[in-house]
Amino acid sequence: MNAASPAPRRVRVRAPELIGKGGWLNTGGKNLTLADLRGKCVVVDFWTFCCINCLHVLDELRELEERHRDTVVVVGVHSPKFVHEAEHQAVVDAVERYGVEHPVLDDPELATWKQYAVRAWPTLVVIDPEGYVVAQHAGEGHVHAIERLVAELEAEHEAKGTLRRGDGPYVAPEPEPTVLRFPGKALLLPSGNLLVSDTTRHQLVELAEDGESVVRRIGTGARGFTDGSAGQASFNEPQGLALLDDGSVVVADTVNHALRRLDLASGAVTTLAGTGSQWMQGAPTSGPAREVALSSPWDVALFGGRVWIAMAGVHQLWTYDPAAETVRVAAGTTNEGLVDGPGAEAWFAQPSGLAAAGDRLWLADSETSALRWVDPDGAVHTAVGTGLFDFGHRDGEAGQALLQHPLGVTALPDGSVAVADTYNHALRRYDPATGEVTTLATDLREPSDAVLVGDDIVVVESARHRLTRLRLPEEAVRVEAVAHRTQRAATEVAPGRLRLDVIFQAPAGQKLDTRYGPSTRLLVSATPPELLLKGEGADSDLSRELELDPAVAEGVLHVSAMAASCDDDPANEYPACHVHQQDWGVPVRLVAGAADRLPLVLAGLDAVEGR
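Under the working numbering, think of the first position of the sequence shown as 85, with each following residue one higher.
Next comes the structure, spelled out in C-alpha cells:
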C-alpha cells in the first residue's frame, strides 16, 4: 500500500453519534445529536485545551466558519489529556478563554474519541449533510483542504436537495463583567504598578500597586494586529511580558505570532518581530526580526543580553537581539518531547514560562509537566519531570516529584524557583541546593504566572480573573501525593514486526510537491529507546517496517510526519503550496496476537480499515 497515494473516490462511512458525559456548551442548554445537524456540512474538531496545535486549529477554523456560516457547523469535541481537563468547569473556562464560537461537546471519558478511532490532538473529521464521514485530518494546516471539500459537498448536496442552509446551533454565552478576563502573565513595573496581559480581552492592563485598581488599558480590546497609541493598538491573546534595558516592555503577542514593544511613557505600541503569520516547516529560522515568522510565542525573558522566547507553537526556544534586531532559533528541534543536551539536540513540549536568574534561564515546559533550565552555553537540563505522559502532584526529591502542566516560573531571592503549577491549582517550589520540591500554596485557580513584590508574591489566578497577593511562606503546605498518566488508553500491538502506515491523500486539486526533492518525511523514535529494535530515524517514505522488542512490555512510539502539496494546475504559474504536519505520541502495549499494523491518518481515510 502506498501511504501517500492520490485521493480515491470518496468513501462514505456512517458517522458515530456524538456522546460525552460532560454535555454540551454554546448551545443555549440544548443537547445536540447528529440528526439535528443533518443537512449541514459538519466539521468535528477533537481538541484539548492544553494543546497549542489545537489552539492553532481553533484560529484556522474561524475564517472557515465565517465564510460558510449558513452551510457549515463546526462542533468541538473536548477530549482531555490531563486530569484537570476532565473537569467540566475547566472546559467551560477554556471555551470562553479561547473565544470558541461553536458548539462544544465535553467528553471527559473520551467516548466519542474512541468511537471515531482518533489517535492525536488535534484531529478534524468532516461529516457530509447526510451524516457520513468523508474525510479525516490530524494536525494543523488542513483547513484549506477542508474548505475545498466543503465547496464540493455544498454543490453536490445542493443539487441533491440534501443541503440545509440557515443559522447553526451556536448560542453565545452572556459576558461576565470582571476587571480582568483570563489574565496570562504579569510584570512589576519600575513605578511599582503591575502590568498584566488580559489575554481573553486582547489588552494589556496597568494596575496600581494594590493589584486591583485600573490605571490604564492598552489596546482596543478586539482581536487585531495594529501598531499605534494605547487606544489604537490591537493584540491577539497576548501573554508574556519582560522589561527591556531601555525601560520599554516586550510583549509576546501569542496569536499574532509576534513580539510587540510597549513604550511605558507614551503607551505607544510597535512591532519588534514576526510577520503576523505562523512559522511553518521550511520557513527561515533566523534573520531580520520583522521578516521571520514566529509561532505562538508564550513568554519572554531577558537573559544574556538577548530576549529569549518560549516558542510554544514549535516546541523551541528562540532569541531576539535588540541591538541587531534579529531573531534565531536557540534550542529545540521542533520535535515534541523531553530530551536534554546541547540546544540543537534538545526536545521541548510547549515551553510556556521563562525566568532568568543568574547563570540559569528557568523554563516551564508545560506538556511534559517539567521544570527545566538553560545554562550560559545553551545546553538544556531537566530539574523536575519525566515526559509527555506522567504528571500529578507529588512533593519530595526532584527525580520522583510531579507537576501538572505548569505555565509559569519565578526566580526567588534565595536561589530557588516558584512554579505556577497550573493544572494542580498550586504554587510549587524547587530548591536547586537540596533538590527538593515542595508546595507553597494551594487553592489557586489555574495560576499561570507569579511576580515578586517586596516580601510578597503576586500570583496570576487566570481562571479567577484576578491577581492574588500571598506572603511567601516559611513552611511548605502538606499535600496528599497523587500521580497520573494521560487518560488515553494504550494501543495494543503485536511484538516483533509492526507495519507503520501514515495515510496521506493530497487534497482535491492538489498533488505532492516534488519540485525540491522528496515531498514527504517520516521520523520515528521510541520511549524507552529499547522498544524499537528496527525502524528508528528519518526517511521520505510514509510507510515503514518497525520491529518491537518483545522484552519491552509497553512504551511510546514518537512519530512525526510531514507532506507538502501544491495546486495541480499547469496553467497556474504561482501555485499555492501547503505543508501538512503532525506529531503523534502513541502509547503502545505489546500483546501476542494483537494487530501488526499501525495506521495513523495525516489526511484522508484509511482504506484498509474502511475509514
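C-beta: ideal position from N, C-alpha, C; glycine also.
Exercise for the section: Give every residue of the same chain whose Cβ lies closer than 7 Å to the Cβ of G388, excluding the five residues on either side of it in the sequence, and list them in chain order. Expected result: Position 304 of the sequence shown, counted from the first residue, corresponds to residue 388. Answer for G388: P460, listed in chain order.
Practice task
Could you pull the start and end residues of the beta strand (DSSP E) that I230 belongs to?
Solution key: Sequence index remark: in the sequence shown, residue 230 carries index 146 (1-based). I230 -> not in any beta strand (DSSP E); alpha helix (DSSP H) instead, spanning V227 to K244.
Practice task
Rank L551, T506, V586 and D515 by C-alpha distance to the C-alpha of E530 and give the top, closest one.
Solution key: Numbered from its first residue, the sequence shown carries residue 530 at position 446. When only C-alpha atoms are compared, the closest one is T506.
Problem - Distance, H489 Cα to E258 Cα - result: By 1-based counting over the sequence shown, the position of residue 258 is 174. By 1-based counting over the sequence shown, the position of residue 489 is 405. If I take the Cα positions, the gap works out to 29 Å.
Exercise for the section: Give the single residue among V636, S644 and E638 whose Cα lies nearest to the Cα of D623. Expected result: To locate residue 623, count along the sequence shown from 1; it is residue 539. Ranking V636, S644 and E638 by Cα distance to D623 puts S644 first.
Exercise for the section: Just the C-alpha distance for S370 and E545, rounded to the nearest angstrom, thanks. Expected result: In the sequence shown, counting from the first residue as 1, residue 370 sits at position 286. In the sequence shown, counting from the first residue as 1, residue 545 sits at position 461. C-alpha separation (whole angstroms): 35 Å.
Problem - Residue burial classification, D527 (beta-carbon count within 10 angstroms, cutoff 16) - result: For the purposes of this step, residue 527 is taken as residue 443 along the sequence shown, with counting starting at 1. Classification for D527: exposed.
Handout entry: Rounded separation between F166 and Y200 - CA only
Key = Taking the sequence shown and counting its residues from 1, the one referred to as residue 166 is at position 82. Taking the sequence shown and counting its residues from 1, the one referred to as residue 200 is at position 116. Using only the alpha carbons, I get a separation of about 20 Å.
Practice task
Please report the Cβ distance between I541 and L556, rounded to the nearest whole angstrom; I am assuming they are in contact, meaning their Cβ atoms lie under 8 Å.
Solution key: The sequence position of residue 541 within the sequence shown is 457, counting from 1. The sequence position of residue 556 within the sequence shown is 472, counting from 1. Correct: roughly 5 Å between the Cβ atoms.
Exercise for the section: Would you give the residue range spanned by the beta strand (DSSP E) that D177 belongs to? Expected result: The residue labelled residue 177 in the question sits at position 93 within the sequence shown. Element bounds for D177: not the beta strand (DSSP E) but the alpha helix (DSSP H), H172 to R181.
Practice task
Assign P90 to one of two classes, buried (16 or more other C-beta atoms within 10 Å of its C-beta) or exposed (fewer than that).
Solution key: Position 6 of the sequence shown holds residue 90. Because the pLDDT at P90 is just 46, under 50, the model does not fix this residue reliably, and the value given afterwards should be weighed accordingly. Looking at its Cβ environment, which holds fewer than 16 other Cβ atoms inside 10 Å, P90 is exposed.
Practice task
Count the other C-beta atoms from every protein chain shown that fall within 10 angstroms of the C-beta of V566, then say buried if there are 16 or more, exposed otherwise.
Solution key: Position 482 of the sequence shown, counted from the start, is the residue given in the question as residue 566. Counting Cβ neighbours within 10 Å, V566 comes out exposed, since fewer than 16 surround it.
Exercise for the section: Using three-state DSSP, classify G694 as helix, strand or coil. Expected result: As a position in the sequence shown, residue 694 is number 610, starting the count at 1. Its pLDDT being 44, under 50, G694 is placed unreliably by the model, and nothing is read from it.
Exercise for the section: Ignore the nearest five residues each way along the sequence and tell me which others in Q323's own chain have a CB closer than 7 Å to its CB. Expected result: For this step, residue 323 is matched to residue 239 along the sequence shown. So the list reads G268, K269, S281, T283, A336, T338, W382 and D383, once near-sequence residues are dropped.
Handout entry: Residue from H509, G621 and H162 whose Cα sits closest to the Cα of A195
Key = Sequence index remark: in the sequence shown, residue 195 carries index 111 (1-based). Nearest C-alpha to A195: H162.
Handout entry: G358, buried or exposed, once every other Cβ within 10 Å from all chains shown has been counted against 16
Key = Taking the first residue of the sequence shown as position 1, residue 358 is located at position 274. Buried, since its Cβ has 16 or more Cβ neighbours within 10 Å.
Problem - Short Cβ contact (8 Å threshold) for G639 with R628 - result: As a position in the sequence shown, residue 639 is number 555, starting the count at 1. As a position in the sequence shown, residue 628 is number 544, starting the count at 1. No, they are not a contact pair.
Practice task
Indicate whether the contact test is met: 3 or more Cβ pairs, each with one atom in the stretch 110-128 and one in the stretch 182-192, closer than 8 Å.
Solution key: yes
Problem - For C135, the three-state DSSP class (helix, strand or coil) - result: Within the sequence shown, numbered from 1, the residue matching residue 135 stands at position 51. In this structure, C135 counts as coil in the three-state DSSP scheme.
Exercise for the section: Identify the continuous alpha helix (DSSP H) that holds A317 and give its terminal residues. Expected result: Position 233 of the sequence shown, counting from 1, holds the residue named residue 317. Counting along the chain, A317 falls outside any alpha helix (DSSP H), and DSSP gives it neither H nor E.
Exercise for the section: Report yes if the C-beta distance between E429 and H399 is below 8 Å; otherwise report no. Expected result: On the sequence shown, position 345 is the one that residue 429 refers to. On the sequence shown, position 315 is the one that residue 399 refers to. No.
Problem - Counted within 10 angstroms of its Cβ, other Cβ atoms place V670 as buried (16 or more) or exposed - result: As a working mapping, residue 670 is identified with position 586 in the sequence shown. By the neighbour-count rule (16 or more Cβ atoms within 10 Å), V670 is buried.
Problem - Buried versus exposed, by CB contacts within 10 Å (16 or more), Q173 - result: As a working mapping, residue 173 is identified with position 89 in the sequence shown. Looking at its Cβ environment, which holds fewer than 16 other Cβ atoms inside 10 Å, Q173 is exposed.
Practice task
Can you have a look at D129 and say buried or exposed, based on whether 16 or more other CB atoms are within 10 angstroms of its CB?
Solution key: Residue mapping note: residue 129 aligns to position 45 of the sequence shown, counting from 1. Buried: at least 16 other Cβ atoms inside 10 Å.
Problem - Cutoff 6 Å; reference P634; Cβ partners in own chain excluding five residues on either side - result: As a first step, residue 634 must be located in the sequence shown, where it is residue number 550. Closer than 6 Å at Cβ, skipping near neighbours: P579.
Exercise for the section: Starting from A495, follow the beta strand (DSSP E) in both directions and report where the run begins and ends. Expected result: On the sequence shown, residue 495 is found 411 positions in, with the first residue counted as 1. Where A495 is concerned, the enclosing beta strand (DSSP E) stretches over G492 to A495.
Practice task
Measure the Cβ-Cβ separation of V487 and V501 and say whether it is below 8 Å.
Solution key: Counting from one through the sequence shown, the residue named residue 487 turns up at place 403. Counting from one through the sequence shown, the residue named residue 501 turns up at place 417. Looking at the sequence shown, residue 487 is not Val but Leu. No.
Handout entry: Close-in-space but distant-in-sequence residues of the same chain around A99 (CB under 7 Å, 5 per side omitted)
Key = Residue numbering aside, residue 99 sits at position 15 when the sequence shown is read from its first letter. Counting only Cβ-Cβ distances below 7 Å, and skipping sequence neighbours, we find L118, I211, G215, Y216 and V217.
Problem - Three-way DSSP call (helix, strand, coil) for T310 in this model - result: The count along the sequence shown starts at 1 and reaches residue 310 at position 226. Looking at T310 - three-state DSSP - the assignment turns out to be strand.
Problem - Own chain residues within Cβ distance below 7 Å of A178, not counting five before or after - result: The sequence position of residue 178 within the sequence shown is 94, counting from 1. Correct list, in chain order: F133.
Handout entry: Continuous beta strand (DSSP E) assignments of at least 3 residues falling wholly in the stretch 588-624
Key = 594-596, 604-611, 616-618 and 621-623
Handout entry: Residue environment, W108, which counts as buried when at least 16 other CB atoms sit within 10 Å
Key = Within the sequence shown, the letter at position 24 stands for residue 108. Buried: at least 16 other Cβ atoms inside 10 Å.
Practice task
Could you tell me if P206 is buried or exposed, where buried requires 16 or more neighbouring beta carbons within 10 angstroms of its beta carbon?
Solution key: Position 122 of the sequence shown, counting from 1, holds the residue named residue 206. That one is buried.
Exercise for the section: Identify every run of the beta strand (DSSP E) within the stretch 354-412, keeping only runs that are complete inside it and at least 3 residues long; order them along the chain. Expected result: 370-372, 381-387, 390-395 and 400-405
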